[in-house]
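Per full-length UniProt numbering, residue 1 is the first one in the sequence shown, and the count goes up by one each step.
Note that CB positions come from ideal geometry on N, CA and C, so glycine has one too.
Report on the structure given below.
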Amino acid sequence: MQENGGGLREMFSLEGRVAVVTGGTGVLGGAVAAGLARAGARVGVLGRRRERAERAAHRLAAEGAGALALQADVLDEEQLRRAREEVLERWGRVDILINAAGGNVPGAVLEAGEDVFQGLGIEGFREVLDLNLFGTVLPSLVFGEAMAAGGRAEGCVVNFSSMAAIRPLSRVAGYSAAKAAVENFTRWFAVELARRYGPGIRVNAVAPGFFLGEQNRDLLVDGDGNLTARGRAVIEHTPMGRFGKPEELAGAVVWLCGPGASFVTGAVVPVDGGFSAFGGV
């Protein structure tokens with residue numbers, strides 16, 4: 001009995017692994033970073049603002065984790081390479097990359113009732129596409145190269161997709177298009193790395209449902225915490241009848257990064273309370 005239990009624990013253990021979490025200063029990225037640390041990984045928290053990355057790393061260290069603050073913009077390849085060198089200098093390897101950086105921008109959101117031909121600005125569309133798609137591709141290339149180096153060819157990349165990739169959501173055309181592209185890149189990169197470097201490097205994605213974060217809170221709840229009209233529509237189309245908790249996303253990511261998912265690559269796992277399964281009737 002103890003032997004079986006030990007084997008089960010090992011399937012979800014990340015002991016000895018080194019992870020980098022882009023967007024690790026945000027609500028969901030921070031929860032994932034904490035989940036990886038609790039599973040035994042040493043975690044580099046990467047964000048654009050050093051002070052926020054340092055605060056997030058300090059919280060992990062206070063729980064006994066090995067943690068490192070990394071300052072980089074996910075759209076700046078030179079900064080990403082410097083961050084990679086910091087990780088390699090500290091821990092000598094990169095095993096896990098979580099691409100949690102992303103989100104929407106105000107210029108890419110149609111106001112309620114706004115005409116698409118008047119309100120959908122191409123600059124906002126381009127900005128959100130850059131942030132989500134290229135902000136996933138660039139870190140994947142930079143940190144993935146470290147996974148493939150030295151003949152080891154071992155590691156795991158987990159990208160962040162969205163419900164908007166599965167079913168385009170009203171008012172957020174740019175974000176929907178960007179996340180759909182992230183899913184396509186996830187599958188392409190998974191196939192490319194497996195065929196070129198063998199089965200040791202896996203690439204997957206999670207598609208979060210609706211979690212309250214910094215960017216979407218005002219769209220989903222008002223100042224008193226009551227649901228907005230959009231928030232009510234989301235809950236009505238979520239069979240579990242609630243928003244997700246950040247730690248619920250972390251569990252799926254830990255599984256994808258561990259030995260228990262060793263034959264999983266090119267997959268997109270919804271963590272959405274049933275939103276993507278529900279047809280509305």
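Distance CB(residue i)-CB(residue j) smaller than 9 Å
i	j	result
A178	L131	yes
G200	A252	no
L249	G231	no
N226	T186	no
R81	V142	yes
A181	L110	no
G273	G223	no
A56	Q71	no
A61	A41	no
G135	L88	no
A205	V137	no
G102	R59	no
G24	G44	yes
One or two residues paired with residue i in a DSSP bridge
i	result
G44	V20 and L68
R217	Answer is none; R217 lacks a bridge partner.
C156	I96 and R202
V269	V206
G244	F211
L227	V221
Beta-carbon proximity list for residue i, same chain, < 7 Å, skipping 5 on both sides
i	result
G124	V105, G107, A108 and G174
V32	V21, I98, A100, L249, A250 and V253
D73	R48 and Q79
L120	L110 and A173
Buried or exposed by the 16-neighbour rule on C-beta atoms within 10 Å, applied to residue i
i	result
R9	exposed
P239	exposed
F275	buried
F211	buried
I166	buried
V281	exposed
A37	buried
R49	exposed
F117	exposed
A83	buried
G151	exposed
6 Å CB neighbourhood of residue i in its chain, flanking five on each side removed
i	result
A190	V203, T265 and G266
A261	W255
G26	none
G155	D95, M147 and I201
R171	V109 and L110
residue 283	For the chain, the structure presents residues 1 to 281; residue 283 sits outside this window and is missing.
A229	none
E77	L138
Contact belief for residue i with residue j at Cβ below 8 Å, rounded distance in angstroms
i	j	result
V18	L46	Not quite, the Cβ-Cβ distance comes to about 13 Å (not below 8 Å), so this is no contact.
L28	P208	7 Å
S161	E192	Actually they do not touch by this definition, with Cβ atoms about 18 Å apart.
L14	G258	6 Å
H237	F263	Not a contact, Cβ separation roughly 32 Å.
A34	F12	That pair is no contact at about 15 Å.
Any non-hydrogen atom of the ligand ZN closer than 8 Å to residue i Cβ
i	result
R38	With respect to small molecules bound, the structure shown includes none, and the ligand ZN cannot be examined in it.
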